[in-house]
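Q: In the numbering used here, the protein residues as written are 26 to 209. We put the CB at the ideal spot given by N, CA and C, even for glycine.
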């Protein structure tokens with residue numbers, strides 16, 4: 026059987042697919058019932074997608090030529106001023122374990138990441154994370170990320186992939202898990 030899943034770094038012709046999947050899965054665009062299948066709390070601004078993709082990268086996946094998902098890798102400085110990311114970074118800076126690290130220099134951000142409904146459960150996320158780690162570990166020691174505490178599907182998905190919860194933090198009225206993926 027021929028491998029039908031392609032995982033690679035994004036090109037400009039992937040950007041419309043990334044933006045469409047991202048918009049379709051934003052928490053504010055979903056009903057309460059739809060949120061049980063996972064949701065995005067943060068989004069890549071359309072005007073910055075090219076800069077993020079050409080810097081540290083965005084991993085994309087296709088399943089039988091259909092867009093399956095994306096996984097953003099970025100420098101923390103790229104998100105400065107974003108309330109959730111600022112709170113995430115502060116949570117690491119306040120933790121005993123990571124307070125002495127030069128977080129902005131040694132860690133990158135993994136996310137947002139999203140798979141379409143039909144791509145879930147096929148091992149695609151694992152393949153995307155594998156490529157993301159290979160790409161990021163040449164420049165960073167760890168990746169940090171976050172997931173809303175009430176996003177059980179996403180919490181369960183990343184727990185299987187080696188993400189470790191460090192602590193919880195709050196941004197706005199939502200509570201999040203601060204997560205780390207260690208490359209060493």
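Below 8 Å, how does it come out for the segment 88-96 and the segment 171-182: are there three or more Cβ pairs, yes or no?
A: Flag = no, the segment 88-96 and the segment 171-182 do not touch.
Q: Can you have a look at residue 70 and say buried or exposed, based on whether 16 or more other CB atoms are within 10 angstroms of its CB?
A: Numbered from its first residue, the chain shown carries residue 70 at position 45. Exposed: under 16 other Cβ atoms inside 10 Å.
Q: In three-state terms, what does DSSP make of residue 182?
A: Here residue 182 refers to the residue found at position 157 of the chain shown. Residue 182: helix per DSSP, three-state reduction.
Q: Could you pull out every residue in the same chain whose Cβ sits closer than 7 Å to the Cβ of residue 192, ignoring the five residues on either side in sequence?
A: The count along the chain shown starts at 1 and reaches residue 192 at position 167. Taken in chain order, the residues that qualify are 116, 120, 203.
Q: Are the segment 92-100 and the segment 62-82 touching by the rule of at least three beta carbon pairs closer than 8 Å?
A: Yes: the two stretches touch, three or more of their Cβ pairs being nearer than 8 Å.
Q: Counting pairs of Cβ atoms below 8 Å between the segment 47-65 and the segment 134-142, do you hit three or more?
A: Yes: the two stretches touch, three or more of their Cβ pairs being nearer than 8 Å.
Q: Tell me, to the nearest whole angstrom, how far the beta carbon of residue 81 is from that of residue 161; I am working on the premise that it is less than 8 Å.
A: Residue mapping note: residue 81 aligns to position 56 of the chain shown, counting from 1. Residue mapping note: residue 161 aligns to position 136 of the chain shown, counting from 1. Yes, residue 81 and residue 161 are in contact; Cβ-Cβ is about 7 Å, under 8 Å.
Q: Taking residue 206 as the reference, give the member of 126, 55, 149, 186 with the closest Cα.
A: By one-based count along the chain shown, residue 206 stands at place 181. Ranking 126, 55, 149, 186 by Cα distance to residue 206 puts 186 first.
Q: Please report how far the alpha carbon of residue 146 lies from the alpha carbon of residue 159, in whole angstroms.
A: To locate residue 146, count along the chain shown from 1; it is residue 121. To locate residue 159, count along the chain shown from 1; it is residue 134. Whole-angstrom Cα-Cα distance: 22 Å.
Q: As an exercise, report each continuous alpha helix (DSSP H) stretch of at least 4 residues that is fully enclosed by the segment 34-91, in chain order.
A: List check, alpha helix (DSSP H) in window: 40-49, 57-60, 74-79.
Q: Should residue 84 and residue 156 be called a contact, given that it needs their Cβ atoms to be closer than 8 Å?
A: Counted from its first residue, the chain shown places residue 84 at position 59. Counted from its first residue, the chain shown places residue 156 at position 131. Yes, the Cβ-Cβ distance between residue 84 and residue 156 is below 8 Å.
Q: Between the C-alpha atoms of residue 39 and residue 68, what's the straight-line distance to the nearest angstrom?
A: One-based indexing of the chain shown puts residue 39 at position 14. One-based indexing of the chain shown puts residue 68 at position 43. Answer to the nearest angstrom: the Cα atoms are 16 Å apart.
Q: Tell me, to the nearest whole angstrom, how far the beta carbon of residue 108 is from that of residue 37; I am working on the premise that it is less than 8 Å.
A: On the chain shown, position 83 is the one that residue 108 refers to. On the chain shown, position 12 is the one that residue 37 refers to. Going by Cβ atoms, the distance from residue 108 to residue 37 rounds to 29 Å, so no, they are not a contact pair.
Q: To the nearest angstrom, how far is the alpha carbon of residue 66 from that of residue 149?
A: For the purposes of this step, residue 66 is taken as the residue at position 41 of the chain shown. For the purposes of this step, residue 149 is taken as the residue at position 124 of the chain shown. Each residue's Cα considered, the two are about 21 Å apart.
Q: One question on the structure: do residue 152 and residue 30 come within less than 8 Å of each other, judged by their Cβ atoms?
A: For the purposes of this step, residue 152 is taken as residue 127 along the chain shown, with counting starting at 1. For the purposes of this step, residue 30 is taken as residue 5 along the chain shown, with counting starting at 1. A contact, by the Cβ cut-off of 8 Å.
Q: Starting from residue 117, follow the alpha helix (DSSP H) in both directions and report where the run begins and ends.
A: In the chain shown, the residue the question calls residue 117 occupies position 92. Looking at the DSSP string, the run of the alpha helix (DSSP H) that includes residue 117 is 108-118.
Q: Could you check whether residue 62 and residue 178 sit closer than 8 Å to each other, using their CB atoms as the reference points?
A: Residue numbering aside, residue 178 sits at position 153 when the chain shown is read from its first letter. Residue numbering aside, residue 62 sits at position 37 when the chain shown is read from its first letter. Their beta carbons are under 8 Å apart, which means residue 178 touches residue 62 by this criterion.
Q: When we look at the beta-carbon of residue 280 and count the other beta-carbons within 10 Å, is it buried (16 or more) or exposed?
A: The structure shown does not extend to residue 280, since the chain is modelled only from 26 through 209, so no value can be given for it.
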